[in-house]
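Presented below is the structure to which this report refers.
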Amino acid sequence: MNALLYSFLFVFCMVSSSSYSQNQANVWYFGTNAGIDFNSGSPIAIANGDLVSREGSSIICNPNGNIKYYSNGEFVWDSSHDTLPNSKDTLNGCSSSSQSSIMVRHPDPDSSHLIFLFTVDCNENFLQNGLSYSVIDTSLPGNGTLANPLGDIVPSRKNILLFSGANEKVTAIKHANGCDYWVIGHITDSFYVYPLTSSGLGMPIIQKVGTAYNGSGIGFSGTGQLVASPNGRLLAGAVYESNLVELYDFDNSTGSVSNPRPTYMPNQAYGVSFSSDNTKLYASSGTRVFQFDLGKAECDSVNWDFYRAQIGNSSSSLYAMKLGPDNKIYISKSATSLATIGSPNNIGVESEFVDNGFDMAGNMSELGIAEFPLDFIYPPKVSFNICEECFADSFKLINTSGLGTLYNWDFGDGSTSTLMSPKHKYDNGGDYTIKIMTSAFCGSDSFLQMVSVDDGINHLDDSILVCPDSGIIYELDVNFGDAVWSSGDSSLFVFLQDTGTYFITYTDTHGCITNGNVTLEYDVCDYDLYLPNAITLFSTQNTLFRLPQKNIDNLDFSSISIYDKTGKLLFESNDKRFVWDGTYLNKRVSKGVYIYHLYLNSADGTYTNQLGNVTVLY
């Protein structure tokens with residue numbers, strides 16, 4: 026009954042992106058002098074950094090993947106691993122904040138020497154310094170020279186308060202135009218979404234969305250990560266003291282946060298991370314890791330957390346998570362190793378959780394891990410998912426693109442659309458190529474996917490052959506929904522035995538109805554017959570030797586012969602409705618054992634012989 030078959034897919038990319046992408050997150054510093062270098066293609070533990078942070082840290086590398094700056098929210102270190110001169114007196118951030126800081130390069134190519142450092146205070150300080158920012162000018166001498174500058178914080182652009190009382194959360198998301206960024210902070214029940222454009226940092230879009238929680242004081246629930254999906258279409262936040270994980274939709278073209286979906290975890294929730302293909306969300310809860318299958322939830326009309334499953338358990342409490350350049354997720358655990366999720370795009374245990382998956386060479390990871398915008402390693406691109414709605418009546422195409430402000434769809438049957446996420450109906454079965462083309466200020470992209478559409482998907486017809494005196498359990502090829510059968514059954518699977526046509530009305534989870542029928546017919550089968558092993562003469566029961574009468578019309582019968590012990594033939598018949606009443610030449614036979622020989626035509630055209638005996642009693 027599945028209308029849509031994913032035959033194959035392929036992608037053409039014509040993305041124009043910043044030369045600073047890809048390698049900007051190749052070196053991480055976090056914890057107590059802990060670090061990872063991804064430049065060789067495989068992660069290597071390093072210990073050459075000076076950063077010490079109980080929780081959050083941030084990094085930014087140059088186009089070659091070499092560390093440029095790193096910070097714990099209180100200080101900033103350059104590539105010489107010395108603190109920037111203008112950060113030697115503490116910044117407004119806090120190394121005990123879940124996400125103490127994040128760094129974003131100025132979107133204007135002419136101002137790319139400027140880096141915005143956003144910092145967040147911690148509960149221990151009652152969040153008084155809130156969300157602030159400072160600007161690093163890489164052209165300033167700093168710890169270097171005029172000829173070889175290492176950069177410094179611009180004195181007039183240091184510790185600029187955006188809003189006080191911000192929770193321990195900050196993230197940055199690439200704009201759908203491929204150039205700009207959104208920088209997002211949170212307080213109580215509101216998101217502050219700041220546009221960072223070629224003109225600099227703009228005024229926030231303040232949105233009251235989702236579950237309210239405090240963050241102003243030690244032990245309150247502002248602790249935990251806020252992260253975006255690689256395509257910039259989803260946000261997820263963890264709230265430690267509330268045992269809460271909340272999923273939101275994010276429009277990276279407008280900065281809108283919407284559709285909050287909270288779920289409560291068994292223990293304190295701290296870390297969250299999306300898979301690189303945007304279809305899975307992971308969350309740490311105490312010593313456990315949970316996976317949410319967003320690909321299913323996106324297309325199904327059930328609660329998103331219905332698809333939650335535990336995929337791992339650790340010997341230690343698990344905290345911050347981060348998706349790395351190698352497509353693995355790294356999880357801090359206040360130990361000399363990190364837990365890892367080796368294949369985050371896979372479902373369930375196939376995602377490959379390993380408790381001590383990465384050895385830190387003796388250095389402590391603490392609770393946090395390096396923060397950076399995900400476009401540093403996963404530049405925005407175009408993609409879409411296909412959901413079935415009422416089968417051939419309507420396919421829903423969910424635009425999961427991270428790049429594009431204008432959309433052009435070609436459905437392969439002459440129809441087009443400019444909607445972001447359209448629906449489309451195919452009038453005829455066949456193979457179609459669906460194409461989406463996007464354009465944005467800083468790039469364009471296209472994505473193709475071929476699908477096969479079944480002509481008969483709006484009506485289920487099936488015909489089944491079974492052996493006489495048998496049946497079959499018939500199951501509809503669907504996972505959810507309701508079925509009503511003309512037999513009176515109301516299940517997705519029924520036991521069918523009697524010949525005839527059974528009518529079905531199937532209603533899927535979208536409320537779409539499919540009508541159909543199943544016809545049951547008898548086949549020519551090898552027939553394992555039951556014949557009485559005794560008959561009693563001068564009795565009112567079991568006086569006749571014959572075949573069972575049920576479904577006998579479908580039996581391909583040849584002949585039967587009955588003999589006494591001397592081999593004398595007493596009875597013979599070529600009629601499938603034969604009856605032997607224990608007589609020979611109209612006289613009752615003596616008590617004793619008699620032999621019968623039954624011949625049947627088999628389904629393959631050969632004969633089947635059945636030899637047995639029957640006892641005559643008085």
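Per the working numbering, the very first residue in the sequence shown carries number 26; after that it's consecutive. Glycine included, C-beta positions come from ideal geometry on N, C-alpha and C.
- Contact between Ser309 and Tyr295 holds: CB atoms are separated by about 5 Å, below the 8 Å threshold.
- Under the three-state reduction of DSSP, Ser515 is assigned to coil, being neither helix nor strand.
- When the Cα atoms are used, Ser357 and Leu186 turn out to be separated by approximately 29 Å.
- About 19 Å separates the Cβ atoms of Leu431 and His449, ruling out a contact at the 8 Å cut-off.
- By the neighbour-count criterion, in which a residue is buried when 16 or more other Cβ atoms sit within 10 angstroms of its Cβ, Gly455 is exposed.
- The beta carbon of Ser298 is closer than 7 Å to those of Val252, Tyr307, Met346, Lys347, Leu348, Ile354 in its chain, skipping five residues each way along the sequence.
- By the C-beta density criterion, Ala386 is exposed, having fewer than 16 other C-beta atoms within 10 angstroms.
- Ranked by how close their Cα comes to the Cα of Ile411, the residues Asp452, Leu392, Ser477 have Ser477 in first place.
- Boundaries for Tyr643: no beta strand (DSSP E) harbours it, and the DSSP string shows neither H nor E there.
- In its chain, beyond the 5 residues on either side, Thr144, Asn154, Ser157, Asn184 have a beta carbon closer than 6 Å to the beta carbon of Asn117.
- For Asn433, the enclosing beta strand (DSSP E) stretches over residues 431-435.
- DSSP lists Tyr588, Asn638 as the beta-bridge partner residues of Ile620.
- Residue environment: Lys194 is assigned as buried (16 or more neighbouring CB atoms within 10 Å of its CB, all protein chains considered).
- Collapsing the DSSP output to three states places Arg182 in a helix.
- Of the residues Arg182, Pro134, Asp486, Leu343, the one whose Cα lies closest to the Cα of Gln250 is Leu343.
- The beta carbon of Val160 is closer than 8 Å to those of Leu139, Ile140, Phe141, Leu142, Ile178, Val179, Arg182, Lys183 in its chain, skipping five residues each way along the sequence.
- Just measuring C-alpha positions, the residue of Asn424, Pro350, Ser362 sitting nearest Ser65 is Pro350.
- Nearest to Val77 by C-alpha distance, out of Cys119, Asn111, Ser104, is Cys119.
- The three-state secondary structure of Glu396, taken from DSSP, is strand.
- Here Leu272 is buried, its C-beta having at least 16 other C-beta atoms within 10 Å.
- When secondary structure is reduced to three states using DSSP, Val234 falls in the coil class, being assigned neither helix nor strand.
- The alpha helix (DSSP H) runs of length 4 or more contained entirely in the stretch 268-320 do not exist; there are none.
- Separation of the CB atoms of Tyr265 and Thr248 is rounded to 4 Å, and the pair is thereby assigned contact status at 8 Å.
- For Gly74, there is no enclosing beta strand (DSSP E), as DSSP marks it with neither H nor E.
- Under DSSP, Gly60 forms a beta bridge with Tyr54, Ile71.
- Excluding sequence positions up to five before and after Thr213, its CB lies within less than 6 Å of the CB of Ala237, all in the same chain and listed in chain order.
- For the stretch 335-407, not one full-length alpha helix (DSSP H) segment reaches 4 residues or more.
- Residue pairing by DSSP places Asp456 opposite Ser477 in a beta bridge.
- Here Glu391 is buried: its Cβ has 16 or more other Cβ atoms, across all protein chains shown, within 10 Å.
- Buried is the label assigned to Asp318, since at least 16 other Cβ atoms lie within 10 Å of its Cβ.
- Beyond the five residues adjoining it in sequence on each side, Leu165 comes within less than 7 Å, by CB distance, of Pro174, Gly176, Asp177 in the same chain, given in chain order.
- Beta-carbon to beta-carbon, Ala191 and His211 are separated by about 7 Å, close enough to satisfy the 8 Å threshold.
- Asn268 and Ser123 have their C-alpha atoms spaced approximately 15 Å apart.
- Excluding five sequence positions before and after Asp487, the CB atoms of its chain that fall closer than 6 Å to its own CB belong to Val543, given in chain order.
- The Cβ atoms of Tyr531 and Thr539 lie closer than 8 Å to each other.
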